[in-house]
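Visitor:
There are 2 protein chains.
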Amino acid sequence: MTYKVHVLYDGYSKMADEGMVANCTCTLIKGPKHIVVDTMTPWDKEKIITGLGHHGVECSDVHYVVCTHGHSDHTGNNNLFLNAKHIVGFSISCKDLYFIHPFETGEPFIIDEDVKVVPTPGHTLTDVSVLVNTKDKGLVAVTGDLFEREEDITNPSLWQLVAGSDDPEKQQQNRNKIMQIADWIVPGHGPIFRVTEEMKNGAK
Amino acid sequence: MTYKVHVLYDGYSKMADEGMVANCTCTLIKGPKHIVVDTMTPWDKEKIITGLGHHGVECSDVHYVVCTHGHSDHTGNNNLFLNAKHIVGFSISCKDLYFIHPFETGEPFIIDEDVKVVPTPGHTLTDVSVLVNTKDKGLVAVTGDLFEREEDITNPSLWQLVAGSDDPEKQQQNRNKIMQIADWIVPGHGPIFRVTEEMKNGAK
Numbered sequence: 002m003t004y005k006v007h008v009l010y011d012g013y014s015k016m017a018d019e020g021m022v023a024n025c026t027c028t029l030i031k032g033p034k035h036i037v038v039d040t041m042t043p044w045d046k047e048k049i050i051t052g053l054g055h056h057g058v059e060c061s062d063v064h065y066v067v068c069t070h071g072h073s074d075h076t077g078n079n080n081l082f083l084n085a086k087h088i089v090g091f092s093i094s095c096k097d098l099y100f101i102h103p104f105e106t107g108e109p110f111i112i113d114e115d116v117k118v119v120p121t122p123g124h125t126l127t128d129v130s131v132l133v134n135t136k137d138k139g140l141v142a143v144t145g146d147l148f149e150r151e152e153d154i155t156n157p158s159l160w161q162l163v164a165g166s167d168d169p170e171k172q173q174q175n176r177n178k179i180m181q182i183a184d185w186i187v188p189g190h191g192p193i194f195r196v197t198e199e200m201k202n203g204a205k
Numbered sequence: 002m003t004y005k006v007h008v009l010y011d012g013y014s015k016m017a018d019e020g021m022v023a024n025c026t027c028t029l030i031k032g033p034k035h036i037v038v039d040t041m042t043p044w045d046k047e048k049i050i051t052g053l054g055h056h057g058v059e060c061s062d063v064h065y066v067v068c069t070h071g072h073s074d075h076t077g078n079n080n081l082f083l084n085a086k087h088i089v090g091f092s093i094s095c096k097d098l099y100f101i102h103p104f105e106t107g108e109p110f111i112i113d114e115d116v117k118v119v120p121t122p123g124h125t126l127t128d129v130s131v132l133v134n135t136k137d138k139g140l141v142a143v144t145g146d147l148f149e150r151e152e153d154i155t156n157p158s159l160w161q162l163v164a165g166s167d168d169p170e171k172q173q174q175n176r177n178k179i180m181q182i183a184d185w186i187v188p189g190h191g192p193i194f195r196v197t198e199e200m201k202n203g204a205k
């Protein structure tokens with residue numbers, strides 16, 4: 002258990018006069034493999050390079066990029082990571098080679114014994130989450146928009162209506178699964194939060 | 002009708018030993034507004050810059066980027082276009098501002114009198130196509146993976162099974178709509194093709 006989860010930038014989403022102001026939470030999973038989860042809007046290239054630099058990681062050191070789904074605020078800077086294998090939703094690729102992996106049957110993609118990528122559809126039909134065993138925080142789930150932010154657990158309209166859900170029933174099932182196993186959750190548009198006993202009981 | 006459609010790179014998709022080798026067709030729509038449709042895999046940054054250069058266009062000149070959907074081979078280089086408004090599937094954004102547009106009710110997004118972006122879900126639930134009036138080719142539809150390539154009209158397994166479809170019925174309806182109105186189609190993974198009378202009759 003040599004992995005550590007560093008949230009580089011907390012995501013946000015709020016209504017504005019012209020529409021919605023939003024960006025995703027961007028996360029570095031640092032360990033035997035370096036993994037970046039969700040690469041923000043296309044305007045955040047320098048922020049990501051700077052954020053990684055604070056942890057002694059260069060873009061060329063990154064082994065995996067995971068975009069929890071294909072929305073534009075989660076995929077904007079994948080071209081920083083050209084030595085990495087890319088997992089974007091249910092697709093796994095490197096250059097123009099697309100590997101076959103049956104996420105649609107529920108099969109996790111194993112990065113190593115402490116990190117796996119699991120299918121968690123709902124927000125889109127092809128969302129994934131990353132599960133990481135850590136020493137300091139137990140099991141951390143980096144979920145993208147499966148969870149909008151901590152407040153959506155008591156206010157479901159945040160993930161069902163404001164963020165939008167392509168399959169709310171499936172999303173609820175996957176939210177419950179993750180709450181039952183995770184100690185901490187990194188959501189798509191808010192800071193990391195601890196999964197309380199109350200949340201776990203509510204998810205049964 | 003001062004627009005011209007330039008396919009910068011023909012897309013492809015073919016089975017390989019390890020999976021599938023694929024990249025998208027990348028298109029420049031040049032005119033009063035410069036529009037790039039589908040930005041290839043993250044490894045194609047230099048190719049796109051070079052391709053645009055052959056037509057006297059720099060990345061900073063581009064007014065709109067349209068990604069027909071959020072798959073990783075269609076969104077890889079959006080961060081080249083930081084002066085543009087980005088349309089990725091049903092979302093329209095600039096920096097971290099997301100504009101509200103009701104693609105889900107069928108509403109087109111009008112760029113100007115000769116160019117509009119229309120919802121054509123099926124391949125994913127949030128695919129869009131770009132319709133362009135041109136002088137040399139009539140109405141050109143740049144459709145992304147609504148059409149995999151010309152051959153999928155006589156061999157539907159190409160778009161239904163090989164490429165995959167999240168809603169085949171809706172995709173067939175949208176394919177028919179586009180074939181009825183377009184003179185030429187730029188598909189997601191093949192060269193531009195002319196819509197024949199036979200295709201139009203088959204789409205009624």
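If you read the sequences in order, they're chains A and B.
The first sequence begins at 2 in the working numbering and counts up by one.
The second sequence begins at 2 in the working numbering and counts up by one.
No residue lacks a Cβ here, since even glycine has one placed at the ideal position from N, Cα and C.
This structure is a prediction, so every number in the text was calculated from the model and none was measured.
#1: Using 7 Å as the limit for Cβ to Cβ distance, is His7 (chain B) near chain A?
#2: If you reduce the DSSP assignment to three classes, tell me which class Asn175 (chain A) lands in.
#3: Which residues in chain B sit within 8 Å of Gly54 (chain A), going by Cβ to Cβ distance?
#4: In whole angstroms, what is the alpha-carbon distance linking Asp113 (chain A) and Gly32 (chain A)?
#5: At the 7 Å Cβ level, is Leu162 (chain B) part of the contact set with chain A, yes or no?
#6: Does Pro192 (chain A) get closer than 7 Å to chain B when you measure Cβ to Cβ?
#7: Under a Cβ-count criterion, where at least 16 other Cβ atoms within 10 Å of its own Cβ denotes burial, should His87 (chain A) be classed as buried or exposed?
#8: First and last residue of the alpha helix (DSSP H) that includes Thr51 (chain A)?
#9: Report all residues from its chain with a CB closer than 7 Å to the CB of Asn134 (chain A); omit the five preceding and five following residues, and keep chain order.
#10: Can you tell me whether Ser166 (chain B) is helix, strand or coil according to DSSP?
#11: Looking only at DSSP bridge pairs, what is Thr135 (chain B) linked to?
#12: Tell me which residues of the region 25 to 51 of chain B have at least one Cβ-Cβ distance to chain A shorter than 7 Å, keeping chain order.
#13: Is the beta carbon of Asn175 (chain A) sitting closer than 7 Å to the one on Asp97 (chain B)?
#14: Taking contact to mean at least 3 C-beta pairs separated by less than 8 Å, is the region 100 to 110 of chain A in contact with the region 42 to 55 of chain A?
#15: I need the straight-line Cα distance from Val129 (chain A) to His7 (chain A), nearest angstrom please.
#16: Evaluate Gly203 (chain A) with the Cβ neighbour count: other Cβ atoms within 10 Å of its Cβ, from every protein chain shown; 16 or more gives buried, anything less gives exposed.
#17: Between A:Lys34, A:Thr155, A:Thr42 and A:Lys178, which has its C-alpha nearest Pro120 (chain A)'s C-alpha?
#18: When you compare the region 68 to 78 of chain B with the region 26 to 42 of chain A, are there three or more beta-carbon pairs, one atom per stretch, that lie closer than 8 Å?
#19: Along the region 97 to 127 of chain A, what residues have a CB closer than 7 Å to any CB found in chain B?
#20: Based on DSSP bridge pairs, tell me the residues matched to Asp113 (chain A).
#21: Is His87 (chain B) close to chain A, meaning its C-beta is less than 7 Å from at least one C-beta of that chain?
#22: Is there contact between the region 157 to 169 of chain B and the region 193 to 200 of chain B, where contact requires at least three CB pairs shorter than 8 Å?
Guide: Answer, in terms of the structure:
#1: no
#2: helix
#3: Within chain B, no residue comes near Gly54 (chain A); the closest Cβ sits about 18 Å away, beyond 8 Å.
#4: 11 Å
#5: no
#6: no
#7: buried
#8: Lys46 to Gly54
#9: Met2, Tyr4, Asp115 and Leu140
#10: coil
#11: B:Tyr4 and B:Gly139
#12: Thr42, Pro43, Trp44 and Lys46
#13: no
#14: no
#15: 19 Å
#16: exposed
#17: A:Lys178
#18: no
#19: Asp97, Leu98, Tyr99, Phe100, Ile101 and Leu126
#20: A:Val116
#21: yes
#22: no
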